[in-house]
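Participant:
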Amino acid sequence: MNVLGSKAMAGGVNPRTILITGVSKGLGKALAVELAKQGHTIIGCSRTQDKLNSLQLELNSATGSPTSQPNSLSSDRHLLINADVRLNSSVEELARTVMAKKGVPDIIVNNAGTINKNNKIWEVPEEEFDAVMDTNVKGVTNMLRHFIPLMLASKQGIIVNMSSGWGRSGAALVAPYCASKWAVEGLTKSVAKELPEGMATVALNPGVINTDMLASCFGTSAGLYQTPESWALKAAAMILNLTAADNGASLTV
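The sequence shown runs 181 to 433 under the numbering used here.
1) If I follow the unbroken alpha helix (DSSP H) through Thr-368, where does it start and stop?
2) Given a threshold of 16 other Cβ atoms within 10 Å of its Cβ, counted over all protein chains shown, does Ala-380 qualify as buried or as exposed?
3) Could you pull the start and end residues of the alpha helix (DSSP H) that Ile-328 belongs to?
4) Cα-Cα, which of Gly-283, Pro-386, Ser-396 is closest to Ser-430?
5) Which residues does DSSP list as the beta-bridge partners of Cys-225?
6) Helix, strand or coil for Ile-338? Go by DSSP, reduced to three states.
7) Would you kindly work out how many angstroms separate the C-alpha atoms of Ala-275 and His-326, rounded to a whole number?
8) Is Val-433 helix, strand or coil by DSSP?
9) Does DSSP put Asn-240 in a helix, a strand or coil?
10) So the candidates are Phe-398, Val-382, Thr-391; which of them puts its Cα closest to the Cα of Ile-287?
11) Which one of Gly-319, Thr-228, Asn-291 has the shortest CA to CA distance from Asn-268?
12) Taking the Cβ atom as the reference point for each residue, do Ser-204 and Leu-237 lie within a distance shorter than 7 Å?
13) Glu-306 to Asn-298, Cα distance in whole Å?
14) What does a CB cutoff of less than 6 Å around Pro-246 pick up in its chain, not counting 5 residues either side in sequence?
15) Between which two residues does the beta strand (DSSP E) harbouring Ile-288 extend?
16) Is the separation between the beta-carbon of Val-289 and that of Ile-200 shorter than 7 Å?
17) Among residues of its own chain, excluding the 5 on either side of Thr-423, which ones have a beta-carbon nearer than 8 Å to its beta-carbon?
18) Using the C-alpha atoms, what's the distance from Thr-400 back to Ser-360?
19) On the three-state DSSP scale, how would you describe Asn-434?
20) Quick check: the Cα distance between Ser-344 and Ile-419, rounded to an integer number of angstroms?
21) Taking all protein chains shown into account, decide if Pro-376 is buried (16 or more other Cβ within 10 angstroms of its Cβ) or exposed.
22) Cutting at 7 Å between CB atoms, please list the residues of its own chain near Met-331, excluding the five before and the five after it.
23) Along the beta strand (DSSP E) that carries Val-382, what are the first and last residues, could you check?
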């Protein structure tokens with residue numbers, strides 16, 4: 181465990197409970213591991229159970245819990261759940277499970293996302309367009325629908341909706357993805373006006389990171405960009421320092 185993680189565990193840094201969607205790979209996984217190293221509690225969801233199992237072990241190791249068994253998939257500290265943010269019913273069940281086992285998260289990072297294969301809009305199949313919108317827009321909305329009411333009681337909580345540079349500009353061959361991230365930006369700003377004082381939702385552009393998603397667009401040149409792990413160091417610090425004063429902001433790591 182690093183020094184900051186030791187401080188968090190000892191109470192030197194206020195430990196948070198942080199829910200991350202799309203936690204099993206890419207930015208979500210890197211952010212979860214980094215936050216666990218710093219002593220925070222991770223709640224994560226993904227549709228891929230084997231990757232969740234692997235991540236559970238990694239989080240246990242990162243936290244350095246003396247009660248964690250090397251081959252155990254259970255952890256008293258971290259909670260990983262198989263859920264599909266595209267489905268309202270799945271997110272509804274996710275919220276029930278989270279409340280029963282961990283209570284209301286302090287921070288939610290709506291990270292789950294997908295992108296279309298490079299193509300002109302008139303050549304993007306209907307089902308591919310739908311998949312992008314269902315994950316990137318409906319997924320975020322489903323999370324807001326079921327978790328904001330849980331946060332309202334205490335009028336506390338930070339919600340981070342992952343956006344993109346392509347949610348603030350346009351690019352050829354990824355029009356569905358751009359449209360979805362522009363929607364996230366507008367959704368975030370609108371919801372910010374509905375939240376009570378003390379809460380905040382922000383749209384966060386992570387920047388350009390070498391992930392599978394970037395490789396699908398950039399090919400081998402994706403390797404020229406920073407790794408998810410190096411990004412997570414900066415992103416974790418930014419997310420942990422968000423306050424109600426940031427409500428409605430469009431930020432960039």
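Ideal Cβ placement from N, Cα and C applies to all residues, glycine included.
Model, not experiment: these values are computed from the prediction.
Facilitator: Taking the coordinates as given:
1) On the sequence shown, position 188 is the one that residue 368 refers to. That run of the alpha helix (DSSP H) goes 355 to 372.
2) Working through the sequence shown from its first residue, we reach residue 380 at position 200. By the 10 Å Cβ count, Ala-380 comes out buried.
3) Mapped onto the sequence shown, residue 328 falls at position 148. Note, Ile-328: alpha helix (DSSP H), 319 to 332.
4) Taking the sequence shown and counting its residues from 1, the one referred to as residue 430 is at position 250. It is Pro-386 whose Cα lies nearest to the Cα of Ser-430.
5) For the purposes of this step, residue 225 is taken as the residue at position 45 of the sequence shown. Per DSSP, Thr-201, Ile-261.
6) Here residue 338 refers to the residue found at position 158 of the sequence shown. Note: Ile-338 maps to strand in three-state DSSP.
7) Numbered from its first residue, the sequence shown carries residue 275 at position 95. Numbered from its first residue, the sequence shown carries residue 326 at position 146. So the two alpha carbons sit approximately 6 Å from each other.
8) As a first step, residue 433 is located in the sequence shown; it is residue number 253 there, counting from the start. In this structure, Val-433 counts as coil in the three-state DSSP scheme.
9) Position 60 of the sequence shown, counted from the start, is the residue given in the question as residue 240. Helix at Asn-240.
10) If you number the sequence shown from 1, residue 287 lands on position 107. It is Val-382 whose Cα lies nearest to the Cα of Ile-287.
11) One-based indexing of the sequence shown puts residue 268 at position 88. Nearest C-alpha to Asn-268: Gly-319.
12) Along the sequence shown, read from residue 1 onward, the residue named residue 204 stands at position 24. Along the sequence shown, read from residue 1 onward, the residue named residue 237 stands at position 57. No, these two residues do not count as a Cβ contact at 7 Å.
13) By one-based count along the sequence shown, residue 306 stands at place 126. By one-based count along the sequence shown, residue 298 stands at place 118. Roughly 14 Å separates the two Cα atoms.
14) Here residue 246 refers to the residue found at position 66 when the sequence shown is read from its first residue. Its pLDDT being 43, under 50, Pro-246 is placed unreliably by the model, and nothing is read from it.
15) For this step, residue 288 is matched to residue 108 along the sequence shown. First-last of the beta strand (DSSP E) with Ile-288: 287 to 290.
16) Reading the sequence shown from its first residue, position 109 is the one you call residue 289. Reading the sequence shown from its first residue, position 20 is the one you call residue 200. For Val-289 and Ile-200, yes; Cβs fall inside 7 Å.
17) Here residue 423 is taken as the residue at index 243 of the sequence shown, counted from 1. The answer, listed in chain order, is Ile-338, Ala-380.
18) Position 180 of the sequence shown, counted from the start, is the residue given in the question as residue 360. Position 220 of the sequence shown, counted from the start, is the residue given in the question as residue 400. Between Ser-360 and Thr-400, the C-alpha separation is close to 25 Å.
19) With the chain covering 181 to 433 only, the question about residue 434 has no answer from this structure.
20) Along the sequence shown, one-based indexing puts residue 344 at 164. Along the sequence shown, one-based indexing puts residue 419 at 239. Straight-line Cα distance between these residues: approximately 16 Å.
21) Here residue 376 refers to the residue found at position 196 when the sequence shown is read from its first residue. Pro-376 should be labelled exposed.
22) Position 151 of the sequence shown, counting from 1, holds the residue named residue 331. Excluding residues within five positions, the ones whose Cβ falls inside 7 Å are Val-284, Gly-337, Met-379.
23) Here residue 382 corresponds to residue number 202 of the sequence shown, with the count starting at 1. It spans 379 to 385 - the beta strand (DSSP E) in which Val-382 sits, taken as one unbroken run.
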